[in-house]
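Chains as they are written, first to last, in my numbering: chain A, 16 to 494; chain B, 329 to 552.
What follows is the structure in structure tokens.
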């Protein structure tokens, strides 16, 4: 079945949530406008009718006050004369047989013959500038003391005209209000749809593989902008994670292939040689040691990946960074002593942060391990301080330091400085430190210690009220 | 000593079983969770080595079922999942130790040995004694042949662990996990340095070394 592009467009438009919302609001709006106009009309009409009845009543009361017959006739004459003071009033005085005696009505109306008290409505023929017209008259009748009949009425033509004018005005204003409502609804719906469609279009492009796309923002800072900017932040993060993953894959390919092929070559060469148990054993031992190194690298990569994925965020509790650092310092203190280095630890008071004790321990251990490894002589200082809502772990050494232009690069995976290749290590320690810092919304940087290197880890301090959690007792007695 | 190995990967199971047999253990094998549970519920084994991910029935569910049935055979969990959370889950399910794949065979052997010769619960003992070495857990002092040895708190805990596993091989990872509660590789041989410090304090003034290094595996506190 052929469907025109326009047809699809309208059908889609009618199917949108925005349209549904607009439609509901329009119906509510229309109903309230109509109700308002209806009540306005009712009260106006009611008011007019009462006005007329009051006028007629007043006239009747005035005429009743005329006690003698001649006086009454005179007053009626006066009042009903053309150009008299009430030109849309009608009067008729008749004898008991309804023969007219005075007044501006030619004959007693058929509708009022019963002479019941109350209000009667009857039509009269009037000649106007526009030709003969039929007007309705509202009247009241009664019998005088001498048996004569009196009718006082009022021509309703003016009131009807007035009421019709109000009705027309109300109808027009209703129509205009509804028209504006529809137009506003359509514009709002269109506007909303355009914004939503912009998001949909961007996501479609991203799904198709164009990861550089971002949701356009209007700059107004409204909810759509907020949604868009949240999406953009999310996309940035995803892109960064993907880039990280890609880098890891590349690096694994490059850096693990070398030791793996070396390992393979060693085994192959050993097989080519003359069978010799002693040599075989030696080759196997070397192979195991290389395999262990590979596994170490693998585990380090996994730890980094885990920290970067933020998979442990849900286990984060409040921990004392000073205590964690103290334990790590204690672990490394004999290493420093054996190397003839002075390891100073300084953390005057507890510094509570929200985080993972194991990852933070590992990060500080990596920093300390680096400092001890690359400092040939002198001292290494580990300090933990908290100020301005920021916890600051510093590992300062008196070693050779790192040139300023390389201080960022060493955080990348597998990056090792020339001259450090002879020292054991896999080039992943600082990558883990940075990943752990990021996981905890913190930073990891390197600075000049004049002389030496200063590694700085900053983390946001946990809010006061939280209690520090104890370490995990489930792991204390495993074997 | 009779062990039950529940591991679905044929190659891994072959090499573990071979290694354990060569170390003097009798090893039965199950390749599937429900079979493993059936065999283990007989209760005829001294220890179970259970892979965490098994077809038929998950390793942790298997252990939980055994524990619910009051079968208290020690269990060593093998798993490729090494995050701290994963360990905690494994130990909560009723496992007694948790070893992350890949592992050195010496590590597996040391841990099985530790499981098989587990001493009484740590809370019940007040004094530990290994040959001439005595440790008072309440007074927190250590003597060798009546001569007091001055230890730092961490050295005390290190020695306590070694004494509880006296005569067994204890690996560096076991020490790092149990004495320091760290589950990462500190790269530098920090454990070696700590152990050699402890060794110096223990052997100072004595001819016979107490703490022995086992090549490629770890350490052993000799029972004189």
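Yeah, the Cβ is synthetic: ideal placement off N, Cα and C, and Gly gets one too. Remember, predicted model here, so these are calculated numbers, not experimental data.
Exercise. Got a sec: which bits of the segment 409-422 of chain B sit with their beta carbon under 8 Å from any beta carbon on chain A, in order along the chain?
Worked result: 410, 411, 412, 413, 415, 416, 419, 420
Exercise. Is residue 430(B) close to chain A, meaning its C-beta is less than 7 Å from at least one C-beta of that chain?
Worked result: The residue labelled residue 430(B) in the question sits at position 102 within the second chain. Chain A, which has a Cβ nearer than 7 Å to the Cβ of residue 430(B), makes this yes.
For this session: Consider the Cβ of residue 269(A): report whether some Cβ of chain B lies at a distance smaller than 7 Å.
Result: Start at 1 with the first residue of the first chain, and residue 269(A) comes out as number 254. No, no contact with chain B.
Exercise. What's the call for residue 46(A), buried or exposed, on a 16-neighbour Cβ count within 10 Å?
Worked result: Mapped onto the first chain, residue 46(A) falls at position 31. Exposed: under 16 other Cβ atoms inside 10 Å.
Problem set entry | Inter-stretch contact (C-beta, 8 Å, three-pair minimum) for the segment 363-379 of chain A and the segment 465-480 of chain A | yes
Exercise. What residues match up with residue 458(A) in a beta bridge as DSSP calls it?
Worked result: For the purposes of this step, residue 458(A) is taken as residue 443 along the first chain, with counting starting at 1. Note: residue 458(A) sits in a beta bridge opposite 473(A).
Problem set entry | Rounded Cβ spacing between residue 547(B) and residue 523(B) (contact assumed at less than 8 Å) | In the second chain, counting from the first residue as 1, residue 547(B) sits at position 219. In the second chain, counting from the first residue as 1, residue 523(B) sits at position 195. At roughly 6 Å, the Cβ-Cβ gap stays under 8 Å, so residue 547(B) and residue 523(B) are in contact.
Problem set entry | From 192(A), 114(A), 264(A), residue whose alpha carbon lies closest to that of residue 320(A) | By one-based count along the first chain, residue 320(A) stands at place 305. Selected option, being the one with the closest Cα: 264(A).
Problem set entry | residue 314(A): contacting residues in chain B (beta-carbon distance under 7 Å) | Here the question's residue 314(A) lines up with position 299 in the first chain. Contact annotation for residue 314(A) against chain B: 513 [CB-CB distance below 7 Å, chain order].
For this session: Please classify residue 540(B): does DSSP put it in a helix, a strand, or coil?
Result: Here residue 540(B) corresponds to residue number 212 of the second chain, with the count starting at 1. Residue 540(B) falls in the strand class under three-state DSSP.
Exercise. The alpha helix (DSSP H) with residue 264(A) in it runs from where to where?
Worked result: Taking the first residue of the first chain as 1, we reach residue 264(A) at position 249. It spans 238-266 - the alpha helix (DSSP H) in which residue 264(A) sits, taken as one unbroken run.
Problem set entry | Pairwise C-alpha distance: residue 274(A) and residue 501(A) | The structure shown does not extend to residue 501(A), since chain A is modelled only from 16 through 494, so no value can be given for it.
Exercise. Taking 7 Å as the CB-CB limit, is residue 33(A) close to chain B?
Worked result: The residue given as residue 33(A) occupies position 18 in the first chain. It does not; no Cβ of chain B falls within 7 Å.
For this session: Classify residue 367(A) as helix, strand or coil using the three-state DSSP reduction.
Result: The residue given as residue 367(A) occupies position 352 in the first chain. Three-state DSSP puts residue 367(A) in a strand.
For this session: Have a look at the DSSP bridge pairing and note the partners of residue 115(A).
Result: Within the first chain, numbered from 1, the residue matching residue 115(A) stands at position 100. Note: residue 115(A) is bridge-paired with 109(A) in the DSSP secondary-structure output.
Exercise. By the criterion of Cβ-Cβ separation under 9 Å, what are the contact partners of residue 497(B) in chain A?
Worked result: Numbered from its first residue, the second chain carries residue 497(B) at position 169. Simply none; closest approach about 11 Å.
Exercise. On the three-state DSSP scale, how would you describe residue 509(B)?
Worked result: One-based indexing of the second chain puts residue 509(B) at position 181. Residue 509(B) falls in the coil class under three-state DSSP.
Exercise. Quick one, which residues of the segment 328-350 of chain A are near chain B if we go by CB-CB under 8 Å, in chain order?
Worked result: 330, 342, 345, 346, 347, 349, 350
Exercise. Under the DSSP definition of a beta bridge, which residues are partnered with residue 295(A)?
Worked result: On the first chain, position 280 is the one that residue 295(A) refers to. According to DSSP, which records beta bridges pairwise, residue 295(A) is partnered with nothing at all.
Exercise. Per DSSP, what kind of secondary structure is residue 444(B) in: helix, strand or coil?
Worked result: As a position in the second chain, residue 444(B) is number 116, starting the count at 1. The answer is helix: DSSP assigns residue 444(B) an H, G or I state.
Exercise. Any idea what DSSP makes of residue 361(A), helix, strand or coil?
Worked result: Translated into positions along the first chain, residue 361(A) becomes position 346. Assignment of residue 361(A) by DSSP, reduced to helix, strand and coil, places it in the strand class.
Exercise. What are the boundary residues of the beta strand (DSSP E) that residue 426(B) is part of?
Worked result: Taking the second chain and counting its residues from 1, the one referred to as residue 426(B) is at position 98. Unbroken beta strand (DSSP E) run through residue 426(B): 425-428.
Problem set entry | For residue 447(A) and residue 342(A), believed in contact at Cβ under 8 Å, the rounded distance | In the first chain, counting from the first residue as 1, residue 342(A) sits at position 327. In the first chain, counting from the first residue as 1, residue 447(A) sits at position 432. Incorrect: roughly 18 Å between the Cβ atoms, too far for contact.
Exercise. By Cβ distance below 8 Å, which residues in the same chain neighbour residue 169(A) in space, the five residues on each side in sequence not counted?
Worked result: Position 154 of the first chain holds residue 169(A). Cβ neighbours of residue 169(A) beyond the five flanking positions: 67, 70, 71, 103, 104, 105, 152, 153, 154.
Problem set entry | Best match in 338(B), 363(B), 333(B), 383(B) for proximity to residue 373(B) [C-alpha to C-alpha] | For the purposes of this step, residue 373(B) is identified with residue 45 of the second chain, where counting begins at 1. Comparing Cα positions, the closest option is 333(B).
For this session: Go ahead and label residue 330(B) buried or exposed: buried means 16 or more other beta carbons lie within 10 angstroms of its beta carbon, across all protein chains shown.
Result: For the purposes of this step, residue 330(B) is taken as the residue at position 2 of the second chain. Flag for residue 330(B) reads exposed.
Exercise. Of all the beta strand (DSSP E) runs that stay within the bounds of the segment 332-363 of chain B, which reach a length of 3 or more residues?
Worked result: 354-358
Exercise. If you drop the 5 nearest sequence neighbours on each side, which residues of the same chain put their C-beta closer than 6 Å to that of residue 445(A)?
Worked result: Position 430 of the first chain, counted from the start, is the residue given in the question as residue 445(A). Result list for residue 445(A): 425, 426, in chain order.
Problem set entry | 7 Å Cβ cutoff, residue 310(A) in contact with chain B | Here residue 310(A) refers to the residue found at position 295 when the first chain is read from its first residue. Judged by the 7 Å Cβ criterion, residue 310(A) is in contact with chain B.
Exercise. With a CB to CB cut of under 8 Å and the five nearest residues on each side skipped, what residues in its chain are close to residue 157(A)?
Worked result: Here residue 157(A) is taken as the residue at index 142 of the first chain, counted from 1. Cβ within range, chain order: 75, 130, 132, 164, 165.
Problem set entry | Whole-number beta carbon distance between residue 374(A) and residue 443(A), since they are thought to touch under 8 Å | The sequence position of residue 443(A) within the first chain is 428, counting from 1. The sequence position of residue 374(A) within the first chain is 359, counting from 1. Contact flag wrong, Cβ pair sits at about 14 Å.
Exercise. Roughly how many angstroms separate the alpha carbons of residue 112(A) and residue 63(A), rounded to a whole number?
Worked result: Taking the first chain and counting its residues from 1, one reaches residue 112(A) at position 97. Taking the first chain and counting its residues from 1, one reaches residue 63(A) at position 48. C-alpha separation (whole angstroms): 34 Å.
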